[in-house]
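Chain order of the listed sequences is B and F.
Per my numbering, residue 12 is the first one in the first sequence, and the count goes up by one each step.
Per my numbering, residue 84 is the first one in the second sequence, and the count goes up by one each step.
Think of the CB as a built atom: it goes at the ideal place given N, C-alpha and C, for glycine as much as any other residue.
Quick caveat, the model's predicted, so the values are computed rather than measured.
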Amino acid sequence: MLLLFLILGITWGGIYALVGLGFNTTFWTLRILNFAQGEYLMAAVLLSIGFNRWVHLPWPLAIALALAVTAALGLVLERVAIRPVLQHDPRSHSWVVTTLGAGIVLQNLAVLLFGTSEYPFPKLMEGIVQLLDARVEKQLLAVFAITVVLVLLFDIFVNRTLMGKAIKAVAFDRMAAEAQGINSRGIVALSMILMALLAGIAGLLIAPMVSAHPYMGTLMTVKGFSAAVLGGLGSPVGAIVGGLVVGIAEQLVGGYINPGLKDAIGLIFLFIILIARPQGIFGKKVAERV
Amino acid sequence: MAKAVRRYLPFLLVALALMLLPWLGLNPFYTHLGINLGIYVILAISMDLLVGFSGQTSLGHAAFYALGAYASGLLAVRLGFPVWLSIPCAAVIGAVITGLLGMPLMRVSGFYLAMLTIAFDLLTMTLIDQWPALTGGVNGLYNIPSPTMGNFFVLGARLNHRGYYYVVWVLAALAFIFQRRFVNSFMGRALVAIEGSPLAASAMGINVARYRWTTFVLSGTLAAIAGSLFGHNVGYLNSAAFHGVSNMVLAMALVGGLRYPAGPFIGALIFVLVPQWLNQWGLGDKQGLVYGLILMSSLVLLPKGLASFISKRPQLLRLDPADVPADGVENLERVVSYSHSGDEPPVLRLEKVSIHFGGNVALQDVDLEVRPGETHALIGPNGAGKTTLINIISGIYTPTSGETYFDGERTTGLPPHVLTQRGMVRTFQNLKIFPNLTVLENVMIGAHPTFKHAALASVLPLKALDEEEREAMAAAREVLAFLGLSEHENTIATELPYGTQKMVELARAIVAKPKLLLLDEPAAGLHNEELDRFEEVIRKLQQRGLTILIIEHHLDLVLRLADRVTVLNFGKRIFLGSPDEARADEQVKEVYIGGAAATA
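So this is what it looks like as structure tokens:
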């Protein structure tokens with residue numbers, strides 16, 4: 012059983028890591044967190060289903076189109092919910108409320124369009140493989156493989172490409188980056204797109220394992236945040252480690268203690284890390300400039 | 084008296100209208116709405132206290148509301164508690180749970196609390212559904228004493244809806260009075276200061292962590308009381324009853340208007356009516372969507388809330404400034420008067436202080452001594468480590484090695500608010516005036532350490548607290564008059580020109596009656612006239628025996644004012660002596676490359 016729990020934990024942890032990375036990208040460029048992140052995850056899934064069911068697009072096309080729309084929704088979010096409050100007062104935390112509101116709007120629009128019933132989602136791979144004493148769904152392994160590839164691509168993008176370096180430059184000092192000719196507004200847009208895509212892909216990966224419905228995102232926001240904070244907000248390695256810790260702990264607690272406690276793990280980790288080490292495992296303590 | 088009538092009349096009229104509502108012969112439905120309104124008012128007050136005053140956002144108030152409802156309901160149903168006991172018990176349970184949940188607030192705030200409360204909300208709802216042995220699970224908890232069931236008894240008397248209406252509104256009125264008294268005091272000012280700048284608040288002697296936590300617990304407790312009233316009203320609970328409540332409570336506080344006395348009433352009224360309107364228009368199923376749109380847009384379209392249209396910004400003062408004259412302006416006796424015998428130990432002493440940031444050595448083995456009554460200047464080129472040193476002295480940074488002593492005691496590593504409480508007060512290089520506070524309120528924050536009462540005492544009608552407030556207000560008004568700022572007393576401080584704001588910051592520091600005043604580039608950005616005024620002010624303070632440590636780039640000014648000078652370069656002390664010696668010193672000249680120092 013232990014092996015199965017570990018495989019499940021690592022796979023789910025990877026999903027939390029993706030959402031956590033999404034938190035990081037907007038935190039770098041705008042110093043904000045998108046409290047509607049889970050709803051972007053949900054939007055990509057339900058839009059795919061919608062395009063497939065009602066527009067009769069084949070799945071690959073439906074998914075591609077859904078991701079494009081989700082990314083566009085990311086840009087809309089910056090324009091309607093983030094830019095206005097930051098322009099009004101750059102220090103304020105009003106974006107907590109406005110992005111949350113945007114998430115509730117998305118959720119309710121989804122309820123209006125899709126109802127509250129649960130939709131099936133096609134698996135990438137059918138079948139089961141035997142790994143030592145564990146019978147593991149191939150789908151699970153596929154999700155894991157894709158997550159690993161995505162995390163690597165993200166790392167290459169941020170650290171090896173010019174655009175990725177521009178994101179880091181804006182994160183470090185927006186004014187200085189602008190003075191170097193970096194189009195910071197473009198970089199902000201890029202970070203919103205990345206956030207939306209990371210959440211959207213995470214949603215598409217888990218959709219076959221859970222059921223797709225308008226409320227599927229809420230818990231993912233919390234768990235992705237727990238992953239990001241546990242590892243250290245702003246640290247990509249931290250998000251991955253944080254995701255894995257939360258994912259594995261969840262499966263172990265759910266498997267050996269009580270399945271009902273599974274969803275409490277994220278909250279418990281969040282609570283403990285905020286008391287013990289608010290900057291997270293890999294985060295650096297930042298001294299406020301005075 | 085007339086003033087008091089004018090001030091309280093609107094509230095008395097509202098109270099009267101509320102008292103009469105059940106007797107107007109209207110459909111009993113309106114009594115029901117009135118009960119809901121009262122419960123929502125308590126919820127909105129609870130959220131306003133948190134968001135409006137301490138600047139923390141809770142996105143999970145439904146959890147505290149539900150906790151109160153279930154605690155009170157379970158005590159009544161399972162243990163047979165009478166309602167006059169179950170409701171207070173629910174409040175206590177709410178306080179204990181928010182107290183525990185709020186523990187991380189000792190370290191962090193802002194969006195962390197927002198996410199923590201969302202998570203707690205989700206967890207609470209899951210527990211309610213998955214613990215049927217306790218809560219009745221998804222089937223719900225039945226038979227809670229309620230006027231609806233006809234089994235709500237208070238001391239043997241059966242209460243109908245009309246009676247319950249009064250129970251709810253008496254508690255809502257108490258919550259309102261509690262909140263207003265709580266914030267119209269040093270507590271309210273301290274909380275709004277924390278919301279504006281936690282760092283500067285802590286530098287003014289405010290225990291940021293404790294106050295944030297206290298406010299969170301009060302907020303959670305009020306929400307739990309509202310919840311218990313809700314549970315006893317409907318008589319039946321399940322988790323579905325709390326769906327969307329968190330968002331609604333937040334929207335109520337924001338739409339009504341944060342910090343305004345009328346805000347929670349307006350917000351609650353709107354959110355009692357919104358569902359009715361939506362049903363009328365056949366949009367009953369779009370309630371969630373409407374709440375989402377309101378949350379998304381209200382801070383953009385209506386950042387001050389609806390109450391801002393009908394009332395002025397309330398002052399966060401316990402007494403009316405008109406009743407507290409600023410006398411003794413010229414001699415300033417009340418605030419600044421120190422006598423030094425000459426053989427006292429140094430006020431401040433640093434021993435071999437070093438600090439590293441990563442591999443970067445910002446300061447190395449710096450010694451510094453400030454004697455009572457002297458003005459000590461700390462100068463050096465950009466990047467010499469002056470501000471870093473001030474940040475170590477004032478407790479914002481802890482040195483990597485070395486010791487600091489203040490007022491004869493070792494103070495290495497003590498937090499800023501403790502040092503301020505002991506008499507070390509600072510100003511900031513980049514202005515840290517509290518937004519959302521008037522000039523008078525800003526300056527009264529300087530007197531925060533003189534308030535010796537506990538946070539909750541501010542709600543009580545204590546003579547001693549009135550006295551403290553009078554003393555602080557008089558001192559603030561005197562200092563403002565001394566600095567020629569009286570005309571700005573009621574202006575929001577951040578709306579003033581830069582130079583005036585710098586003076587306000589200086590006033591705030593003086594009011595604290597510092598044993599040592601730390602000035603970090605106080606003259607930066609001042610124009611000539613303001614510079615002269617500044618010099619005059621400092622001279623008057625020096626004459627009264629104030630001890631000052633000043634960092635300043637206007638070399639001629641600072642060398643005129645200082646008794647002794649320490650020069651830093653690349654994190655090391657390269658000179659200590661009189662201003663004249665500093666002007667003549669070769670090394671100092673070299674550091675300034677024959678620039679400002681040579682011409683001074």
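### Query
Would F:L205 count as contacting chain B if we go by Cβ distances under 8 Å?
Here residue 205 of chain F refers to the residue found at position 122 when the second sequence is read from its first residue. True, the Cβ-Cβ gap to chain B drops below 8 Å.
### Task
Using a Cβ cut-off of 8 Å (strictly closer), state whether F:M379 contacts chain B.
Sequence index remark: in the second sequence, residue 379 of chain F carries index 296 (1-based). It does; some Cβ of chain B falls within 8 Å.
### Message
Quick check for students: name the residue ranges of the beta strand (DSSP E) that lie wholly in the segment 241-281 of chain F, counting only runs of 3 or more.
### Response
none
#### Entry: Amino acids of chain B, ordered along the chain, whose beta-carbon sits closer than 7 Å to that of F:V191
Here the question's residue 191 of chain F lines up with position 108 in the second sequence. Result: L285, P289.
### Message
Does F:E551 pass the burial test, meaning 16 or more other C-beta atoms within 10 Å, or should it be called exposed?
### Response
As a position in the second sequence, residue 551 of chain F is number 468, starting the count at 1. By the neighbour-count rule (16 or more Cβ atoms within 10 Å), F:E551 is buried.
### Query
Alpha carbon to alpha carbon, what distance is there between B:I139 and B:G235?
In the first sequence, residue 235 of chain B corresponds to position 224, counting from 1. In the first sequence, residue 139 of chain B corresponds to position 128, counting from 1. Approximately 28 Å, taken between the alpha carbons.
### Query
From B:M220, B:I251, B:A177, pick the residue whose C-alpha is nearest to that of B:V199; which is it?
Translated into positions along the first sequence, residue 199 of chain B becomes position 188. That would be B:A177, whose Cα lies nearest to the Cα of B:V199.
### Query
For B:S237, which of helix, strand or coil comes out of DSSP?
Here residue 237 of chain B refers to the residue found at position 226 of the first sequence. Correct three-state label for B:S237: helix.
### Query
In chain order, which alpha helix (DSSP H) runs of at least 4 residues are fully inside the segment 435-517 of chain F?
469-476, 499-504
#### Entry: Close Cβ partners of B:L124 (< 8 Å) along its chain, the five nearest in sequence each way excluded
In the first sequence, the residue the question calls residue 124 of chain B occupies position 113. Closer than 8 Å at the Cβ level, and outside the excluded window around B:L124, lie L57, G61.
### Nonlocal neighbours in the same chain, by C-beta distance under 8 Å from F:T682, ignoring five residues either side
On the second sequence, position 599 is the one that residue 682 of chain F refers to. Here F:T682 scores only 44 on pLDDT, less than 50, and its place in the model should not be relied on; the value that follows carries that caveat. D639, listed in sequence order.
### Query
If B:A153 sits next to B:I18, beta carbons under 8 Å apart, how far is it from one beta carbon to the other, in whole angstroms?
Against the first sequence, residue 153 of chain B aligns to sequence position 142. Against the first sequence, residue 18 of chain B aligns to sequence position 7. The Cβ separation is near 12 Å, so there is no contact.
### Query
What is the rounded straight-line gap between the Cα of F:A127 and the Cα of F:V641?
Your numbering for residue 127 of chain F matches position 44 in the second sequence. Your numbering for residue 641 of chain F matches position 558 in the second sequence. One C-alpha to the other measures close to 52 Å.
### Query
How big is the Cα-Cα spacing for F:L70 and F:F653?
Only positions 84 to 683 of chain F appear in this structure, which leaves residue 70 of chain F out of reach.
### Message
Assuming the contact rule is C-beta atoms closer than 8 Å, F:M527 and F:M556 should be a hit. Round their C-beta distance to whole Å, please.
### Response
Counted from its first residue, the second sequence places residue 527 of chain F at position 444. Counted from its first residue, the second sequence places residue 556 of chain F at position 473. Indeed they touch by this definition, with Cβ atoms about 6 Å apart.
### Query
To the nearest angstrom, how far is it from the Cα of F:L282 to the Cα of F:V191?
Along the second sequence, read from residue 1 onward, the residue named residue 282 of chain F stands at position 199. Along the second sequence, read from residue 1 onward, the residue named residue 191 of chain F stands at position 108. Their Cα atoms are separated by approximately 12 Å.
### Query
Do F:L224 and F:T231 have their CB atoms nearer than 8 Å?
Stepping through the second sequence from its first residue, residue 224 of chain F is reached at position 141. Stepping through the second sequence from its first residue, residue 231 of chain F is reached at position 148. The answer is no: Cβ separation not under 8 Å.
### Task
List the whole-angstrom C-beta distance separating B:Y27 from B:G254, where the pair is believed to meet the contact cut-off of C-beta under 8 Å.
Within the first sequence, residue 27 of chain B is the residue found at index 16, counting from 1. Within the first sequence, residue 254 of chain B is the residue found at index 243, counting from 1. Confirmed, Cβ separation roughly 4 Å.
### Task
At 9 Å on the CB atoms, spell out the chain B contacts of F:N330, in chain order.
Counted from its first residue, the second sequence places residue 330 of chain F at position 247. Near F:N330 (Cβ distances below 9 Å), the residues of chain B are L111, G112, I115.
#### Entry: Inter-residue spacing [alpha-carbon to alpha-carbon] between B:L278 and F:F489
Residue mapping note: residue 278 of chain B aligns to position 267 of the first sequence, counting from 1. Residue mapping note: residue 489 of chain F aligns to position 406 of the second sequence, counting from 1. If you take the alpha carbons of B:L278 and F:F489, they lie about 42 Å apart.
### Task
Quick one: using the 10 Å Cβ neighbour count with 16 as the cut-off for buried, is B:M186 buried or exposed?
On the first sequence, position 175 is the one that residue 186 of chain B refers to. Exposed, by the Cβ-count rule.
#### Entry: Opening and closing residue of the alpha helix (DSSP H) in which B:Q141 lies
Taking the first residue of the first sequence as position 1, residue 141 of chain B is located at position 130. Taken as a continuous stretch (DSSP letters only), B:Q141 belongs to no alpha helix (DSSP H), being part of the beta strand (DSSP E) at 139-142.
### Task
Could you name the residues of the same chain whose beta carbon sits closer than 6 Å to that of F:A679, not counting the 5 residues immediately before and after it, in chain order?
Counted from its first residue, the second sequence places residue 679 of chain F at position 596. For F:A679, the pLDDT reaches just 49, beneath the cut-off of 50, and the residue's location in the model is therefore unreliable, leaving the point undetermined.
### Query
Between which two residues does the alpha helix (DSSP H) harbouring F:T207 extend?
The count along the second sequence starts at 1 and reaches residue 207 of chain F at position 124. Residues 194-213.
#### Entry: Boundaries of the alpha helix (DSSP H) in which F:G117 is found, first to last residue
On the second sequence, position 34 is the one that residue 117 of chain F refers to. Start and end: 111-130.
### Task
Closer than 8 Å by beta-carbon distance: list the chain F residues that pair up with B:P95, in chain order.
As a first step, residue 95 of chain B is located in the first sequence; it is residue number 84 there, counting from the start. The answer, in chain order, is V383.
### Query
For B:L285 versus F:Y195, is the C-beta spacing smaller than 8 Å?
In the first sequence, residue 285 of chain B corresponds to position 274, counting from 1. In the second sequence, residue 195 of chain F corresponds to position 112, counting from 1. Contact flag set, yes.
### Query
What did DSSP end up calling F:D368 once you bin it into helix, strand or coil?
Here residue 368 of chain F refers to the residue found at position 285 when the second sequence is read from its first residue. Here F:D368 sits in helix by DSSP.
### Task
Would you check if the segment 119-138 of chain B and the segment 390-404 of chain F touch, i.e. whether three or more CB-CB distances between them fall below 8 Å?
no
### Message
For F:L109, which residues in the same chain have their Cβ closer than 7 Å to its Cβ, ignoring the five residues on either side in sequence?
### Response
Position 26 of the second sequence, counted from the first residue, corresponds to residue 109 of chain F. Closer than 7 Å at the Cβ level, and outside the excluded window around F:L109, lies no residue.
### Task
For F:L96, collect the residues of the same chain with a Cβ closer than 6 Å to its Cβ; drop the 5 residues on either side in sequence, then sort them by chain order.
Against the second sequence, residue 96 of chain F aligns to sequence position 13. Result list for F:L96: empty, nothing under 6 Å.
### Message
Going by C-alpha to C-alpha distance, which of B:Q98, B:V257, B:N45, B:L230 sits closest to B:G242?
### Response
Against the first sequence, residue 242 of chain B aligns to sequence position 231. The shortest Cα separation from B:G242 among B:Q98, B:V257, B:N45, B:L230 belongs to B:V257.
#### Entry: Status (buried if at least 16 other CB within 10 Å, exposed otherwise) for B:V301
On the first sequence, residue 301 of chain B is found 290 positions in, with the first residue counted as 1. Low confidence applies here, because B:V301 scores a pLDDT of 49, under 50, leaving its location unreliable; read the following figure in that light. Buried, by the Cβ-count rule.
### Task
Would you tell me roughly how many angstroms separate the C-alpha atoms of F:L589 and B:V240, rounded to the nearest one?
In the second sequence, counting from the first residue as 1, residue 589 of chain F sits at position 506. In the first sequence, counting from the first residue as 1, residue 240 of chain B sits at position 229. The straight-line gap from Cα to Cα measures roughly 38 Å.
### Task
For chain F, find out if any of its Cβ atoms is closer than 8 Å to the Cβ of B:V108; answer yes or no.
Along the first sequence, one-based indexing puts residue 108 of chain B at 97. So yes, B:V108 belongs to the interface.
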